[in-house]
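Protein chains in written order, with the working numbering: chain A, 2 to 390; chain B, 2 to 320. Beta carbons are placed, not taken as given, at the ideal position from N, Cα and C, and that holds for glycine. All of these numbers come straight from a predicted model, not from anything done at the bench. The structure under discussion appears below in the form of structure tokens.
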């Protein structure tokens, strides 16, 4: 029965389904998010700013490719004429920082691995074999080996420049000598630059802060504003409210992930692989961090204090969980504490999945993160008072 | 067991709200102490009392937000203590919580649709916007509205499911006089359209102006109920003759034989009136220098009712 005979009742076909209420909650959160400049700043601009700042401070700063060269083609102690010419040709491209490896080095790959890590350089080795000059003079066919990791984001550019330099060198040598062949040999390296390490950390940090603060805001502030009280007088259930919040967090987490990865690729050439573990970790983060926020919002009733509590929890977690620096650099006691930080598993899992391509480790971290997520979201939900006490 | 069917108390099928001997305790603190009242369809009912009297606790029990510790309450025939009944109540009531704010960054229209989406049916948002006179602000974000306009959004939100009864908890607290009048206007419109309204307030003038029935609650107990006129007639005391701006001098100029007059703060003289005395007093005043003063007869208000019943007045803040 309608008292307001003048007011038409809207009847929508999708009404009174649980899903339509959840979508409304998600939609409300999302609109509130993108209409707030400070939300956009903290979720999008701030992480990107951090990436630029940290990338600039800790990145190599060089636009040249590191390339180790071992010239085995020696005559006595000096390079043969043609091999020396070839190294000069590479050098003349100005595209490389050439690092010479002694010909006596019997295991040049191992040497390069250690030296590159020590100096934070790319692990790439070009070997001019013994007899290069002789073969070139007699058969007009010589082989040069280029060892590098195919997953190295610089590999394609680097191989291209080496090839171009080689073709030019060969043509210059003799019009008939057009067959200096660069043989690429794939090696697997852990050639992780700081920025590669940092990008998944920033994603983890963003998921942490948007999740915890988002939940503190929607469960603490909305309670103060009596929005939750109002909703509790409607057919909306507590479960639907929580699902709506988690759904919104998943959308936000996906946006953060995509924007940060795109930015990392565009500015620093960070290539990442999005796989099932990444998805699992985003789902885990969208449950875990709002869950922590809900627990906080229920222990600290006043919204402002809850905000302070959220800061007190997120900041130490950010630093200890290996967001900015590898945990290996932490004192032992801090390393132990870091093991109890949920963010540790999200950060590690994201690195394993996105950058290191270590599925086994990614799986372990994803499972731990999902376990923690289940614990915190259930705890947060149980603690949350939907009705008044 | 009601099985989702309304089961009003016997002989009270026209009652929208029925409360019998309702209590709510928090530990040793008794917030509501065995109150009983009922609300008939189409009535504007005011629950009047100072802060902490038990108004909000009562209204939140009726809204299924709190569980009573004793007694019984039914809304639309559904028992507020039964889970299956609570779901039915939630579909059919409209609620404006005390100090309610809608979602800051949603517009007026979006907020109405947001809360409307929680129900199977909702009233057209634009029509509700018209009802609360917010046409110009329809696409304005909630946070940009003034306090009075925000409260009108709250009213629209409370009506979005075309409820059978609307609970308005202190709807004008903290508003300036003009904004309060605007809210009153909306409530009057609801009354004229036959809506049943349950209003809590600590403003005596608000209850007097808006309500068909007033129940005065103090320290968790209902101390008087009736129409405002009934309450005033029974508990308000005598009418008062006021002589404006007469001052101390005026007191001396009063004719003898009048009831005991007193000087009030603005220099007005107040003389309590017994029935049938007015004409005689006016005639005798006509013989004095006070004859050219402004004179009015003041009827007792609910303020006087509350004062007479409790020995104290309720401040503007509700204390």
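DSSP state of residue i mapped onto helix, strand, coil
i	result
residue 87(B)	helix
residue 65(A)	coil
residue 299(B)	strand
residue 320(B)	coil
residue 246(A)	helix
residue 282(B)	helix
residue 44(A)	helix
residue 1(A)	Absent from the model: residue 1(A). The displayed extent of chain A is 2 to 390, so no value can be given.
residue 170(B)	strand
residue 79(B)	strand
residue 6(B)	coil
residue 131(A)	coil
residue 110(A)	helix
residue 288(B)	coil
residue 227(B)	strand
residue 235(B)	helix
Start-to-end residues for the alpha helix (DSSP H) that takes in residue i
i	result
residue 195(A)	195-217
residue 124(B)	Looking at the DSSP string, residue 124(B) is not in any alpha helix (DSSP H); the run it does join, the beta strand (DSSP E), is 122-124.
residue 316(A)	304-321
residue 31(A)	19-35
residue 165(A)	156-174
residue 180(B)	178-193
residue 346(A)	343-351
residue 257(B)	Where residue 257(B) is concerned, there is no enclosing alpha helix (DSSP H), given that its DSSP letter is neither H nor E.
residue 57(B)	56-63
residue 333(A)	333-339
Start-to-end residues for the beta strand (DSSP E) that takes in residue i
i	result
residue 216(B)	214-219
residue 39(B)	30-41
residue 278(A)	Segment 277-300 is the alpha helix (DSSP H) holding residue 278(A); no beta strand (DSSP E) there.
residue 100(A)	97-102
residue 199(B)	197-202
residue 95(B)	94-97
residue 148(A)	142-149
residue 47(B)	45-49
Option nearest residue i by Cα separation, candidates the options
i	options	result
residue 70(A)	84(A), 230(A), 78(A)	84(A)
residue 307(A)	221(A), 315(A), 229(A)	221(A)
residue 209(A)	235(A), 291(A), 247(A)	291(A)
residue 324(A)	147(A), 115(A), 347(A)	347(A)
residue 272(A)	332(A), 342(A), 356(A)	356(A)
residue 24(A)	48(A), 57(A), 174(A), 248(A)	248(A)
residue 269(B)	281(B), 252(B), 246(B), 107(B)	246(B)
residue 34(B)	40(B), 20(B), 41(B), 47(B)	20(B)
residue 149(B)	180(B), 127(B), 102(B)	180(B)
residue 202(A)	258(A), 182(A), 252(A), 227(A)	258(A)
residue 82(B)	291(B), 68(B), 140(B), 256(B)	68(B)
residue 43(A)	253(A), 294(A), 366(A)	253(A)
residue 384(A)	115(A), 309(A), 234(A), 297(A)	297(A)
residue 109(A)	92(A), 127(A), 263(A)	127(A)
residue 388(A)	281(B), 242(B), 65(B), 264(B)	65(B)
residue 1(A)	200(A), 52(A), 38(A)	Since the displayed chain A opens at 2 and closes at 390, residue 1(A) lies outside it and no answer follows.
residue 253(B)	228(B), 222(B), 223(B), 286(B)	286(B)
Residue(s) in a DSSP beta bridge with residue i
i	result
residue 71(B)	24(B)
residue 222(B)	219(B)
residue 142(B)	108(B)
residue 273(B)	241(B)
residue 264(A)	None, per the DSSP bridge assignment.
residue 94(A)	Answer by DSSP bridge pairing: none, since residue 94(A) is not bridged.
residue 80(A)	75(A)
Beta-carbon contacts of residue i that lie in its chain and below 8 Å, excluding the five residues immediately before and after
i	result
residue 162(A)	66, 94, 96, 97
residue 120(B)	92, 161, 162
Contacts around residue i, its chain only, beta-carbon distance under 7 Å, and the 5 residues preceding and following it disregarded
i	result
residue 131(A)	73, 74
residue 170(B)	57, 60, 97, 98, 99, 201
residue 62(A)	Residue placement at residue 62(A) is flagged as unreliable, the pLDDT there being 46, under the threshold of 50; the coordinate-derived value follows with that caveat. Excluding positions up to five away in sequence, the list is empty.
residue 15(B)	41, 42
residue 18(A)	none
Chain-order list of residues whose beta-carbon lies under 6 Å from that of residue i (same chain, five-residue window excluded)
i	result
residue 243(A)	382
residue 206(A)	319, 324
residue 90(A)	166, 170
residue 6(A)	Residue confidence is low: residue 6(A) scores 48 on pLDDT, short of 50, so the model does not pin down where it sits. No coordinate-derived value is stated.
residue 396(A)	What is shown of chain A runs 2 to 390, which leaves residue 396(A) out entirely.
residue 140(B)	108
Under 8 Å from the C-beta of residue i: neighbouring residues of chain E
i	result
residue 298(B)	This model lacks chain E altogether, as its protein chains are A and B.
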